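K.L.:
Mind having a look at this structure? Questions to follow.
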Amino acid sequence: MSLPSSPLSMLARSSRVQRLVAGLPAASGLVRGYVAGESTQEVVDATALLVRDGLTATLGLLREEATDQAQAQAALDAHLDLLAQLSAKGLARKAEISLDLRAIGQCLPDQDDRYDQADKVTLEHARTLCRAARNAGTTVTLDMEDHTTTDRTLTTLRELRKDFPETGAVLQAALHRTEADCREQAWEGARVGVWEGGHPEPTAVAFQSRIDIDKSFVRCLRVLLAGQGYPMIATHDPRMVAIASSLASRFGRAQGSYEYQMLFGVRPDEQQRLVDSGERVRVYIPYGPHWQGYLAQRLAARPQNLTLFAKSLVSRK
């Protein structure tokens, strides 16, 4: 359901505002509230503060997609450096890696349309990262934000899980296919997350109205919470949190057999409330040199995102 033409919805669609957001200095308070910073050290420091308060974290490096081997290798090295610093600080068991395969090779050019070489490089790099994560005492979770790469990412996931069954995946409920994907993934021990989706997708593959996306999200929650895996429930919506809690109770889920996930800087009071009530909460902390695109995208993808952002700014004061 699209919002009416209010100032907020007009703002969310404004390319000028997106450019202004993208031009904010990294040191500004606005940026620091929602992005940990540009360096590995900054995200490690942000992780330490969350862990101190009883939260866990998933760390997302914001990089452009790799279009050559050197860029893919650089992204892999950056992730390995992050793991090393987390381990050195004793934080690895409380912080996992959120991995976008496009950064480590999925978008490399191929000679044909089968993506054989790109997927081979991606799998090799992902295996290296999963091995390093396991050695550090943590895990890797694959992101799937673009519907055009979902099948390839799930194929890579299946290969990774042969040696690293702890590898997780996050699916977007906005896609028509996701309920079926959840059913395929909800086997014993599998770490599977679901979020509503923050990027507009074509009508042919995705629900468009807010109510349809919410319904799909709830259907996915039912599948995952009734299954044998480890559900990761990514939402800031108080209604969805309440529904997830009710479903967890209905299916006999003990606290700690699933987790909630929220974005860094969004509804921190709710994050702490859930932790204080005994729930496990993981915070997605974005960092890296391309934070401008992340912030602008989160604000402008949907008017609802900008509304939530505005409300969260008020709550932080």
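Counting from 1008, one number per residue, gives the positions in the sequence shown under this note's numbering.
Here a beta-carbon is modelled for each residue, glycine too, at the ideal position from N, C-alpha and C.
Values in this document were obtained by computation on a predicted structure and should not be read as measured data.
#1: On the DSSP letters alone, give me the boundaries of the alpha helix (DSSP H) that Met1247 sits inside.
#2: Thinking C-alpha only, which one of Arg1198, Val1290, Asp1150 and Arg1217 is nearest Ala1181?
#3: Do you know whose CA, among Ala1211, Thr1146, Leu1056 and Asp1150, lies nearest Phe1271's CA?
#4: Measure how close the beta-carbons of Leu1130 and Leu1083 come, nearest whole angstrom, since I'm counting them as under 8 Å.
#5: Reducing DSSP to helix, strand and coil, say where Leu1093 ends up.
#6: Quick one: Cα of Glu1195 to Cα of His1086, how far?
#7: Do Gly1144 and Leu1178 have their CB atoms nearer than 8 Å?
#8: Compare the C-alpha of Trp1332 against each of Glu1266, Asp1060, Ile1104 and Lys1127 and name the closest.
#9: In whole angstroms, give me the CA-to-CA distance for Pro1293 and Asp1150.
#10: Roughly how many angstroms lie between the CA atoms of Asp1107 and Ala1261, to the nearest whole one?
#11: Just to confirm, are Lys1096 and Ala1064 a CB contact at a threshold of 8 Å?
#12: With the cut-off set at 8 Å, would you say Gln1278 and Leu1062 are in Cβ contact?
#13: Among residues of its own chain, excluding the 5 on either side of Asp1123, which ones have a beta-carbon nearer than 8 Å to its beta-carbon?
#14: Apart from the five residues just before and just after Thr1157, which ones in its own chain have a Cβ nearer than 6 Å to its Cβ?
#15: Assuming Ala1079 and Val1128 make a contact with CB atoms under 8 Å, what is their CB distance in whole Å?
#16: What is the DSSP secondary structure of Trp1194, counted as helix, strand or coil?
#17: Unbroken alpha helix (DSSP H) runs of length 4 or more, entirely within the segment 1083-1162: which are they?
#18: Taking 8 Å as the threshold (C-beta atoms), are Met1239 and Gln1268 in contact?
#19: Span of the beta strand (DSSP E) holding Pro1207?
P.N.:
In brief:
#1: Pro1245 to Arg1257 is the extent of the alpha helix (DSSP H) around Met1247.
#2: Nearest in C-alpha terms to Ala1181, of all of Arg1198, Val1290, Asp1150 and Arg1217, is Arg1217.
#3: Ranking the options by Cα distance to Phe1271, first place goes to Leu1056.
#4: Between Leu1130 and Leu1083 a beta carbon distance of about 12 Å is seen, past the 8 Å cut, so the two are scored as non-contacting.
#5: Assignment of Leu1093 by DSSP, reduced to helix, strand and coil, places it in the helix class.
#6: Using only the alpha carbons, I get a separation of about 28 Å.
#7: No, the pair does not count as a contact, with Cβ atoms beyond the cut-off.
#8: Not covered by the structure: residue 1332. The range shown for the chain is 1008 to 1324.
#9: The alpha-carbon atoms of Pro1293 and Asp1150 are separated by roughly 13 Å.
#10: Distance between the alpha carbons of Asp1107 and Ala1261: 30 Å.
#11: With contacts defined as CB atoms closer than 8 Å, Lys1096 and Ala1064 fail to qualify as a contacting pair.
#12: Going by C-beta atoms, Gln1278 is nearer than 8 Å to Leu1062.
#13: Excluding positions up to five away in sequence, the list reads Asp1117.
#14: Excluding positions up to five away in sequence, the list reads Met1151.
#15: Their Cβ separation, rounded to whole angstroms, is 6 Å, which keeps Ala1079 and Val1128 in contact under 8 Å.
#16: Coil, per DSSP.
#17: You should have 1123-1143.
#18: For Gln1268 and Met1239, yes; Cβs fall inside 8 Å.
#19: Pro1207 -> no beta strand (DSSP E), and no H or E assigned at all.
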